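For the record, in the sequence shown the residue sitting at position 151 is 701 according to the working numbering, with numbers rising by one throughout.
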Amino acid sequence: MEAHDSHTTAKPIRPTMPQRLRRPTNALTLSLGALLVVAVILFATMLLMRSHGGKTTLPPVGTPAGVSESQLKALAASSNHPIYWAGPKPGTYELTRTTDGRTYVRYLPSADKVGDRTPSYLTVGTYPTKQAFQAVKRAAARPGAVSAAIDHGGLLVFNSSTPKSVYFSYPKSGYQVEVYDPSPLQARALVLGGSVKAIG
């Protein structure tokens, strides 16, 4: 008897079809939106911190405050006239601005002296003044006045009765500069030596 193999016909296996992607739910959309808001807030915070880190903000007008050299340069860059100082020195710079546009840069030994009104420290004041050079020339003609020519056609003047304050200006300038120092000789030397100059 002939043997016959019995064959079982296997059903073909159908490939598994990928499931259709589901659309994002409302919850997922809200989560992504919240994440975006947080990212924007963090970015804005970083910019704000960087701005404060650069110390480019300025104290309010009328209030003496300790400032950095970068703050003084930022003030000078935003001003419509030069602002003078005696150059970088150790210690603390105190800045005072008035409502009429005057600017004072005072050199203090330490930050705890900010606001101390004792006239014991080098101070450079810049005063917006119409016909500033003519005003200095008139001051030079007063009794007791001592004057001297300085670079760029400028004129220095001080009065022998108040020698701690030295004033100077330049032709056609719209500002006058005062340099005060407890030592009259030092005040004059700073101006005559060219140490007092515009911040920049």
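Beta carbons: idealized from backbone N, C-alpha and C, even for Gly.
All of these numbers come straight from a predicted model, not from anything done at the bench.
Residue i burial status per 10 Å Cβ neighbour count (16 or more: buried)
i    : result
G675 : buried
D731 : buried
E619 : exposed
K605 : For K605, the predicted structure reports a pLDDT of 44, less than 50, and the residue's modelled location is therefore unreliable. The matter cannot be settled from this model.
A691 : exposed
A737 : buried
R688 : exposed
T653 : buried
L625 : buried
V611 : exposed
T649 : exposed
Those residues which DSSP pairs with residue i across a bridge
i    : result
F708 : V696
S715 : Y730
Y643 : V617, Y657
Y764 : Limits of the chain in this structure are 551 at one end and 750 at the other, which puts residue 764 out of reach.
Y720 : Its beta-bridge partners do not exist; DSSP assigns none.
Check whether residue i and residue j have beta carbons under 9 Å apart
i    : j    : result
Y643 : Y657 : yes
G686 : L705 : The amino acid at residue 686 is misidentified as Gly; the sequence shows Val. Their beta carbons are under 9 Å apart, which means V686 touches L705 by this criterion.
Y717 : E728 : yes
P659 : G637 : no
A627 : G703 : no
Residue i (DSSP reduced to helix, strand or coil)
i    : result
L608 : coil
G703 : helix
K747 : strand
L672 : coil
Close beta carbons around residue i, own chain, < 7 Å, minus the five adjacent residues each side
i    : result
S723 : A682, F683
V741 : I700, L706, V716, F718, V729
S697 : A690, L705, L706, V707
V664 : P614, A615, G616, T642, E644, L658
S745 : A636, G637
Contacting residues, own chain, Cβ-Cβ under 6 Å from residue i (five flanking each side not counted)
i    : result
P632 : A748
P609 : A615
P669 : none
N709 : G694, A695
D666 : none
K639 : Y657
K680 : none
S733 : none
A739 : none
S711 : G694
Beta-carbon proximity list for residue i, same chain, < 8 Å, skipping 5 on both sides
i    : result
R600 : Because R600 sits at a pLDDT of 40, beneath the cut-off of 50, its placement in the model cannot be relied upon, and the following sentence gives the value as read from the coordinates. Cβ within range, chain order: n/a, list empty.
L622 : I633, W635, Y643, L645, V655, I749
A560 : Below a pLDDT of 50, predicted positions are generally treated as unreliable, and A560, at 48, falls in that range; the measurement from the model is reported next regardless. So no residue of the chain qualifies.
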